[in-house]
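S.K.:
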Amino acid sequence: MPDQIKACPVDTTFKIMGKKFTVHILRNILLLNQNRFNQFLESIEGVNPKTLSVRLREMEKDGLITRKIYPETPPRVEYTITEKGLALSPIIMQMAEFSMKYCAKDIFGDGKPRTLKQVFGTKVMAPLDHKSFKNPK
131 MPDQIKACPV DTTFKIMGKK FTVHILRNIL LLNQNRFNQF LESIEGVNPK TLSVRLREME
191 KDGLITRKIY PETPPRVEYT ITEKGLALSP IIMQMAEFSM KYCAKDIFGD GKPRTLKQVF
251 GTKVMAPLDH KSFKNPK
């Protein structure tokens, strides 16, 4: 390894994505267009409110998502993916494609492989265009 590299780049990315439920939250934002705490809580198997809250705060601190609080009663909070978080979308998509191709028996009732486009339609490809990304303020 060259002297200027002080950590493994793959390991560094895994430390970010490998935290429990991080991939699930990113998946839900990217593929399911979810952006609220209760949506994540209801759709991510095994997550509890405390763990989800901690993970969302960590993801915000890591710059993967932003949190916006709307001045309403009751308060409404929405999470939006950042440019940094969006940069992980090809990894998430590749993970999904890998599983749908090589683990189809575990995923689909008929056990037949499928593509992302077949499962999610063409809308799933839009988040991959980093050039059109506008960082939410």
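Just so you know, the sequence shown maps onto residues 131 to 267 in this note's numbering.
Backbone N, C-alpha and C fix where the C-beta goes; we use that ideal spot for every residue, glycine too.
Under 8 Å Cβ to Cβ from K149, same chain only, skipping five residues before and after it: list those, please.
M.R.: Mapped onto the sequence shown, residue 149 falls at position 19. R185, E188, listed in sequence order.
S.K.: For a test of the three-state rule: what should DSSP assign to E227, helix, strand or coil?
M.R.: In the sequence shown, counting from the first residue as 1, residue 227 sits at position 97. Looking at E227 - three-state DSSP - the assignment turns out to be helix.
S.K.: Alpha carbon to alpha carbon, how far is L162 from D133?
M.R.: On the sequence shown, residue 162 is found 32 positions in, with the first residue counted as 1. On the sequence shown, residue 133 is found 3 positions in, with the first residue counted as 1. So the two alpha carbons sit approximately 42 Å from each other.
S.K.: If we count the other Cβ atoms within 10 Å of its Cβ and call it buried at 16 or more, is G215 buried or exposed?
M.R.: In the sequence shown, counting from the first residue as 1, residue 215 sits at position 85. Label assigned to G215: buried.
S.K.: Does the distance between the C-beta of I155 and the nearest non-hydrogen atom of the ligand FMN fall short of 6 Å?
M.R.: Absence of the ligand FMN from the depicted structure is noted, as is the absence of any ligand whatsoever, leaving it without description.
S.K.: Do I221 and R157 count as a contact pair if the criterion is CB distance below 7 Å?
M.R.: What you label residue 157 is simply residue 27 of the sequence shown in a count that begins at 1. What you label residue 221 is simply residue 91 of the sequence shown in a count that begins at 1. No, the pair does not count as a contact, with Cβ atoms beyond the cut-off.
S.K.: Which residues mark the beginning and the end of the beta strand (DSSP E) in which R185 is found?
M.R.: For the purposes of this step, residue 185 is identified with residue 55 of the sequence shown, where counting begins at 1. Where R185 is concerned, there is no enclosing beta strand (DSSP E), although the alpha helix (DSSP H) it sits in stretches over 179-191.
S.K.: When you compare each of L182, K180, K231, L194 to M147 by their alpha carbons, which one comes out closest?
M.R.: As a working note, residue 147 is residue 17 in the sequence shown. For M147, the nearest C-alpha among the options comes from L194.
S.K.: Can the beta-carbon of K231 be found less than 7 Å from the beta-carbon of P243?
M.R.: For the purposes of this step, residue 231 is taken as residue 101 along the sequence shown, with counting starting at 1. For the purposes of this step, residue 243 is taken as residue 113 along the sequence shown, with counting starting at 1. Yes; because the gap between Cβ atoms is below 7 Å, this pair is in contact.
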